[in-house]
Every structure is written in structure tokens, then in C-alpha cells.
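Engineer: Shown below is the structure under consideration.
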Amino acid sequence: MANILIIDDSPTDVRVFTTLLERAGHQVAAVSSAEEGIERVRSDLPDLVIMDVIMPGMNGFQATRTLTRDPVTAAVPVVMITTKSMETDRVWGLRQGARAFITKPVNEKELLACINDLLSSET
Numbered sequence: 037m038a039n040i041l042i043i044d045d046s047p048t049d050v051r052v053f054t055t056l057l058e059r060a061g062h063q064v065a066a067v068s069s070a071e072e073g074i075e076r077v078r079s080d081l082p083d084l085v086i087m088d089v090i091m092p093g094m095n096g097f098q099a100t101r102t103l104t105r106d107p108v109t110a111a112v113p114v115v116m117i118t119t120k121s122m123e124t125d126r127v128w129g130l131r132q133g134a135r136a137f138i139t140k141p142v143n144e145k146e147l148l149a150c151i152n153d154l155l156s157s158e159t
């Protein structure tokens with residue numbers, strides 16, 4: 037199916053998302069910092085990125101903005117997944133270039149539907 041990169045500093049969330057996505061047939065890689073994630077997206081050009089917001093150092097909003105404004109990585113859709121549930125957070129995430137903004141705890145069907153929609157619109 038798709039190559040998906042998870043950028044999240046929580047080992048538990050990475051494990052949960054990896055299991056879910058692999059069960060759905062996707063290949064998954066993960067990194068634990070936004071800075072490392074940006075480098076991996078630039079080098080590997082995954083089909084989709086799952087981005088946490090709250091991380092040490094660069095946060096997910098900054099990383100998403102960096103990726104979506106870089107001509108090399110701008111076509112890679114970013115799905116932000118976070119505990120930040122305020123409407124202003126969602127609007128800000130989308131303004132940074134995220135294609136979707138999902139709050140934790142994540143509904144498995146909602147996440148997979150979102151990913152499938154984004155992947156099918158990219159082809």
C-alpha cells in the first residue's frame with residue numbers, strides 16, 4: 037500500500053499507530069523528533085506523514101510548515117495527530133499546511149479513512 041512516516045516522540049503512540057497502519061497493509065517508519073523527521077521526509081519522500089504536535093525542540097506546527105513550504109516535500113500530505121483539541125489549534129495546523137488534523141485518542145476507522153482519502157487524492 038503506502039509508505040508512511042510517523043514523527044512522534046511518544047513510543048506508545050508510535051507503537052499503536054505502527055500496529056494499526058501495518059495491519060492495514062502500510063509500510064511504516066518512525067522517528068522521534070521533528071528535526072529528524074524533516075530530514076527523513078526529504079531523503080525518503082514517504083507517501084504520507086503522521087505528525088505529532090507537542091515534541092521537544094521543534095514542534096509539529098513548525099515541522100509541518102517547513103515540509104509544506106519546501107518544494108521537495110510539499111506534495112507529501114501531513115496528518116497532524118495531537119492532544120491539542122482547541123479549534124484554534126486545528127485551524128493553525130491546517131494553516132501550516134496539514135491536510136488533516138485529528139485529536140487523540142484516535143478513532144481507528146476515522147484515521148484509516150482519512151489516510152485512504154488523502155492517498156487516493158494524491159494518485
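For the sequence shown, the residue numbers in the numbering used here are 37 to 159. The C-beta atom is built at its ideal place from N, Cα and C for all residues, glycine as well.
1) Taking Cβ positions, are Arg126 and Thr139 nearer each other than 9 angstroms?
2) Could you tell me the alpha carbon to alpha carbon distance between Pro47 and Thr55, rounded to whole angstroms?
3) Identify whether Asn152 lies in helix, strand or coil by the three-state DSSP scheme.
4) Can the beta-carbon of Val67 be found less than 9 angstroms from the beta-carbon of Ile42?
5) Taking only the alpha-carbon atoms, compute the straight-line gap between Val115 and Met94 and give it to the nearest angstrom.
6) Pick helix, strand or coil for Thr139, following the three-state DSSP scheme.
7) Which residues mark the beginning and the end of the alpha helix (DSSP H) in which Leu130 is found?
8) I'd like to confirm the pairing. Which residues does DSSP put opposite Val64 in its beta bridges?
Structural biologist: Put simply:
1) yes
2) 12 angstroms
3) helix
4) yes
5) 17 angstroms
6) strand
7) Glu123 to Arg131
8) Ile40
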